Amino acid sequence: MSATVPTTARLTVRSVVPEAEGVLGLVLADPSGAALAPWEPGAHLEVTLPSGAVRHYSLCGDPADRSTYRLGVLRETAGRGGSEELHTTVGAGTVLGVRGPFNRFPLVPAERYLFVAGGIGITPLLPMVRSLPPGSWSLLYGGRSLASMAYREELAALPGVTLVPQDTAGLPDLDGVLAGLTAGTAVYCCGPEGLLGAVRERWTGALHTERFGAAPAAAPGADPGTGDGFEVELRRSGRTVHVPPGRTLLDAVRAVVPGVPYACEEGFCGTCETKVIAGTPEHHDSVLDEDEKASGSTMMICVGRSRGARLVLDL
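So that you can map any letter, position 242 of the sequence shown is 232 in my numbering, and since no number is skipped, the others follow by simple counting.
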């Protein structure tokens, strides 16, 4: 994970350009021209939209450029409204609140790399491939059509890139690509859940994934109607709250700490990650890896609960 300390800032949208059908590219800069916080490939920003909604977007520009951040946002008409708001109300000159950068999808050392992108999943992978020497990596990038594939022209100029538009070439040949990999290859995959699952079924080596929605396995944990009630001590606030069945931990905490950060409420964005001082959390998120869950040192309070009668949180 990146060692960069997340910052909070108000940044101005310098430019808004269409990157593909349904994909809007934004360039953000400090209004005073100050250098932005450093970041590494795989990082993302937490963006507060004009309505107050909070969303997470991968950084897809050049980490060496400290003057701007670049984002690519897919318009999801059936989503929760954040991308729709951004596409319809945000333009050059709009001021947005940001927190970050955060990085839970870091590029780790490996002998070779295979990157697999589906649709807007290309955004965190683009800085990765640009940071690696030619010949050490390959990228398989699938999309509905060439017109819908963001940054395709930028990527086509790089060696090792295979673009697979579904309307003319079908689905990416995962079996063929994964079968030829050596054991020392790190596979990075970002895209819809179907793509992540297909890669996971076919590859038993080092696999790094990032999703833009809750994992199916995490969904039952998002139901606060299951499990027993429990007590939560909020150490810094000096309050103790009861979390009954039918109520989320996040909801109970917000009743006494209204400013606690949160966004997705489905356990995949990481905004509400909270330090656990005592007790054993019951994890239902898709952010923490198995070792992090086993340590019990932090939890996502939007979907997490307690395995015992009491938790103590650093809130």
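Backbone N, C-alpha and C define an ideal beta-carbon position, used for all residues, glycine too. As the structure is a computational prediction, the values presented were derived from the model and not from experiment.
If we count the other Cβ atoms within 10 Å of its Cβ and call it buried at 16 or more, is residue i buried or exposed?
i, result
"residue 18", "buried"
"residue 7", "exposed"
"residue 72", "buried"
"residue 68", "exposed"
"residue 272", "buried"
"residue 114", "buried"
"residue 158", "exposed"
"residue 172", "exposed"
"residue -2", "exposed"
"residue 199", "buried"
"residue 91", "buried"
"residue 98", "exposed"
Who does residue i pair with in a DSSP beta bridge?
i, result
"residue 0", "87"
"residue 92", "34"
"residue 105", "129 and 178"
"residue 268", "302"
"residue 8", "14"
"residue 45", "37"
"residue 141", "Beta-bridge pairing links residue 141 to no other residue."
"residue 153", "131"
"residue 62", "15"
Considering only residues of the same chain and omitting the five flanking positions on each side of residue i, which have a CB-CB separation below 8 Å?
i, result
"residue 225", "267, 302, 303, 304 and 305"
"residue 175", "100, 101, 102, 103, 104, 195 and 196"
"residue 83", "2 and 3"
"residue 146", "153"
How many Å lie between residue i and residue j at the Cα?
i, j, result
"residue 93", "residue 169", "29 Å"
"residue 79", "residue 164", "39 Å"
"residue 128", "residue 231", "51 Å"
"residue 298", "residue 184", "35 Å"
"residue 287", "residue 278", "11 Å"
"residue 229", "residue 235", "20 Å"
"residue 306", "residue 43", "This structure gives no information on residue 306, because the portion of the chain shown stretches from -9 to 305."
"residue 54", "residue 30", "9 Å"
"residue 38", "residue 135", "31 Å"
"residue 35", "residue 160", "33 Å"
"residue 191", "residue 142", "27 Å"
"residue 250", "residue 244", "6 Å"
"residue 167", "residue 152", "11 Å"
"residue 248", "residue 33", "27 Å"
"residue 256", "residue 276", "9 Å"
"residue 63", "residue 274", "27 Å"
"residue 368", "residue 219", "The chain is shown from -9 up to 305; residue 368 falls before or after that span and cannot be answered."
"residue 306", "residue 24", "Because the chain in this structure spans residues -9 to 305, residue 306 falls outside the shown range and cannot be described."
"residue 119", "residue 180", "13 Å"
"residue 156", "residue 265", "43 Å"
"residue 202", "residue 75", "17 Å"
"residue 137", "residue 10", "6 Å"
"residue 306", "residue 223", "Since the displayed the chain opens at -9 and closes at 305, residue 306 lies outside it and no answer follows."
Can you list, in chain order, the residues of its chain with a C-beta nearer than 7 Å to that of residue i? Leave out the 5 residues immediately preceding and following it.
i, result
"residue -9", "The predicted position of residue -9 is uncertain, since its pLDDT is 40 and thus under 50; no value can be drawn from it."
"residue 241", "none"
"residue 112", "131, 140 and 141"
"residue 269", "296, 298, 300, 301 and 302"
Who are the Cβ neighbours of residue i in its own chain at under 6 Å, not counting the five residues just before and after it?
i, result
"residue 61", "16 and 47"
"residue 51", "60"
"residue 253", "44, 259 and 261"
"residue 124", "149"
"residue 162", "130, 132 and 154"
message: Suppose only complete runs of 4+ residues qualify. What are the alpha helix (DSSP H) ranges in the segment 222 to 279, listed by chain order?
response: 239 to 244
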